[in-house]
Amino acid sequence: MSLRLLRTKPLAVMLAETAEAGHRLRKTLGAWDLVALGIGCIIGVGIFVLPGVQAAKHAGPGIILSFAIAAAACACSALCYAELAAMIPVSGSAYTYGYATLGELPAWIIGWDLLLEYMVAAVLVATGWSAYFANMLRVGGIDLPQAWCASPWDKNPGVFNVPAALIVLLLSALLVRGIKESSRFNLIMVGVKLAVIVFFIALAGGHVDPAKWKPFMPFGFSGVMTSAAIVFLAYVGFDAVSTAAEETINPQRDMPIGIIGSLCVATVLYMAVSAIMTGVVPYTELGVADPVALVLNHLGMPWASAVISVGAIAGITSVLLVLLLGQPRILFAMSRDGLLPSFLSKVHPRFQTPYLTTIFIGAVVALAAGLTPINVSSELCSIGTLFAFIIVCAGVIVLRRTRPDLDRPFKVPLFPALPAVGIVFCGALMVSLPGTAWIRFAIWLVAGLLIFFTYGVRKSRVGNGNL
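Under this note's numbering, the first residue of the sequence shown is numbered 195, with each subsequent residue one higher.
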C-alpha cells in the first residue's frame, strides 16, 4: 500500500491526457496574457487591503520589511514554479507537479491544500472588494445597509455580505463563458489598477512624515515575520499563472515570463504603497479593509478616495477573477486522475472550459464570502500558500535527481541552493503564523485524507493502472 501511494504519474501520460476528447482545454493564452494574469492576481488585495490590516495588528511600519521578506521567499519559489511549469504544461499547478515527482499521496495533499488556498484567498479578496465598493458608494452619497455589507463575525457585524457574494457569482459566470474572454476582461482591469496605483503614489507620496515610521517595528521582529507570513498570500498570483499552463499556446517559453515578470512588478509596488500608507496615517489607525481609501480621507481628499476606490475595485476584481480561474482547474486535474468524481472533469462542449467545477467553486466561495470575517481568511490562506510552495521547491530537487534526462526549457539558477532556501524560507514563515491557523489547516488536511482513503485510493487511475 505504501509504495502504491507513492507512485508517480508519468509525464508522457499527463501530456497525452491534455489531448483527450471531452477533457481538452482551449489553447489561447500568450506571454502578455500570462503576465497580465499574474499582475492581475498578485496586485490587488496585497496593496488595497493587507498593508493596513497587518500594519495595525502585527508589524507597524515594519510592514515594508514584511513585504520584502515575503518577496525573497517568493523569488525562490517562483523560479521553481517556472521550471516545472515550462517542463509540465498541464493544468493543476503544484498538484500536478507533486504527482509527477513525489507520488500520489503527496499530490493529493498538495491538491487538497491548493483548494483551500484558492478558496480562502477568493473569500478574502471578495470581502475586500465589498469594502471598497461600499466606500465608493458612500462617497457618492449612497449608504448600503451595514447588515448586508458585513459578515456576522466582522468587527462591525452584519448579517450577510451581499456585494462580496454577488461579485463572486458574476465572475464565475464570466469564467464559464471562456478563458480568452476572461483574459481580455482581466487586461482591462489590470490597466485601470496600475494607473490608479501610480495616481495614489503621486498624490500621497508628498505627504509622508518619516516620524510616523518610528518605532519601525513596534511589535518586534517576530511581528514583522508574522506579518510576512500572512502577506505572503499577496504573491499567490504567480501560482495562479501556472494553473493556466494547459491553455497557453507556447508554455515552455511563456510560463517563466509570466511567473517571474509579474512577481518583480508586484514587489516594487507593494513596498512603495506600504511605505506611503504608514508614513501618512499612524499604523494604529490602519486596521480596516480599505486602507488606501482611509489614507486619502485622512488627507481630506474624498474625491481622490472615490477614484482610488474605483481603481481598487478594478484591481481586486482582477485578483478575484484569476483566483476563481485557478481553483476549478485544480479540481479538474484531480478529477481527471480519478481522485475525485469524474463528472468534475467535464468540459463545456461549446466554451471548452471546466464549467461544472467553476459553477461549484463559485457557489461555495460566494456563500463563504458572505459569512467569513477578513482576518480568519487571511491567516488560513497564507498557510496553504506556503505549504504549496514548499512542495514545489522540493519537487524541483527530486525531479532533477530522478529524471535528469527530461527537457527543461527553463532551469532554476544556483541549483540546489535556491530551491533549498525556498523551503527554509517558507517553513520559517509557516512557523511564524498564529496557532489558530495551524489548527484550521490540520482540520482541513484530516478531512482531505478521509476523502482520499475512502474514495481516491479506490478510484485512482494511476493506482488502478488505468492510464
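The beta-carbon is built from N, C-alpha and C at its ideal position, and this holds for glycine as well.
For clarity, every value in this text was computed on a predicted model and none was experimentally measured.
Of the residues Ala253, Ser285, Leu299 and Lys203, the one whose Cα lies closest to the Cα of Ile645 is Leu299. If you check the CB distance, Cys268 and Phe426 come in under 9 angstroms. Arg371: member of the alpha helix (DSSP H) spanning Val356 to Arg371, first to last residue. When secondary structure is reduced to three states using DSSP, Thr511 falls in the helix class. In the DSSP assignment, Ala294 falls within the unbroken alpha helix (DSSP H) covering Ala288 to Thr295. Taking all protein chains in view, the Cβ of Arg523 is crowded by 16 or more other Cβ atoms within 10 Å, so the residue is classified as buried.
Straight through space, the alpha carbons of Met281 and Arg597 are spaced by roughly 12 angstroms. CA-to-CA, the gap between Trp302 and Ala631 works out to about 20 angstroms. With 16 or more neighbouring CB atoms inside 10 Å of its own CB, Pro567 falls in the buried class. Here Pro476 has Lys406 as same chain residues with Cβ atoms under 8 angstroms from its own Cβ, once five neighbours each way along the sequence are excluded. Proximity of the segment 318-331 to the segment 552-567 meets the contact definition, three or more beta-carbon pairs being nearer than 8 angstroms. Selection Gly589, Phe432, Ser626 and Cys620 evaluated against Pro610 yields Gly589 as nearest (Cα-Cα). Non-local C-beta neighbours of Val362 in its own chain, meaning closer than 8 angstroms and more than five positions away in sequence, comprise Ala316, Ala320, Leu514, Leu518, Gly556, Val559, Ala560 and Ala563, ordered along the chain.
Contiguous alpha helix (DSSP H) elements confined to the segment 587-641 occur at 611-625, taking only those with 4 or more residues.
In this model, Val586 and Ser626 are separated by some 20 angstroms (Cα to Cα). Within 10 angstroms of the beta-carbon of Asp433 lie 16 or more other beta-carbons, which makes it buried.
Annotation for Gln446: the continuous alpha helix (DSSP H) segment containing it runs Pro445 to Val474.
Around the CB of Val207, fewer than 16 other CB atoms lie within 10 Å, so the residue is classed as exposed. Scanning its chain for C-beta atoms nearer than 7 angstroms, with the 5 sequence neighbours on each side dropped, one finds around Leu538 the residues Leu525, Phe526, Ser529, Leu550 and Thr551, in chain order. Within a 10 Å sphere around the beta-carbon of Gly297 sit 16 or more other beta-carbons, which makes this residue buried. Per DSSP, reduced to three states, the secondary structure at Thr202 is coil, with no helix or strand assignment. Just so you know, the alpha carbons of Glu211 and Val459 end up roughly 34 angstroms apart. In the three-state reduction of the DSSP assignment, Thr566 falls in the coil class.
Spatial neighbours of Gly372 in its own chain (CB-CB distance under 7 angstroms, excluding positions within 5 residues in sequence) are listed in chain order as Phe545 and Thr547.
With the rule of 3 Cβ pairs closer than 8 angstroms, the segment 236-249 does not count as touching the segment 331-343. A Cβ-Cβ distance of about 7 angstroms is found for the pair Leu600 and Leu205, placing them in contact under the 8 angstroms criterion. Assignment of Leu223 by DSSP, reduced to helix, strand and coil, places it in the strand class.
In this structure, Thr290 and Glu441 do not form a Cβ contact; the two beta carbons are roughly 14 angstroms apart against a cut-off of 8 angstroms.
With 16 or more other CB atoms across the displayed protein chains lying within 10 angstroms of its CB, Val651 is buried. DSSP places Leu309 inside the alpha helix (DSSP H), whose first and last residues are Glu298 to Val333. With the rule of 3 Cβ pairs closer than 8 angstroms, the segment 495-509 counts as touching the segment 387-404. Among the bridge pairs identified by DSSP, Thr442 is matched with Leu223.
Leu231 and Gln521 have their C-alpha atoms roughly 14 angstroms apart. Of the candidates Lys408, Val314, Ile510 and Pro450, Pro450 places its Cα closest to the Cα of Leu278.
Nearest neighbour of Ser416 by Cα position, chosen from Val618, Pro543 and Ala253, turns out to be Ala253.
Considering only Ile382, Lys349 and Ser324, the residue with the shortest C-alpha distance to Leu360 is Ser324.
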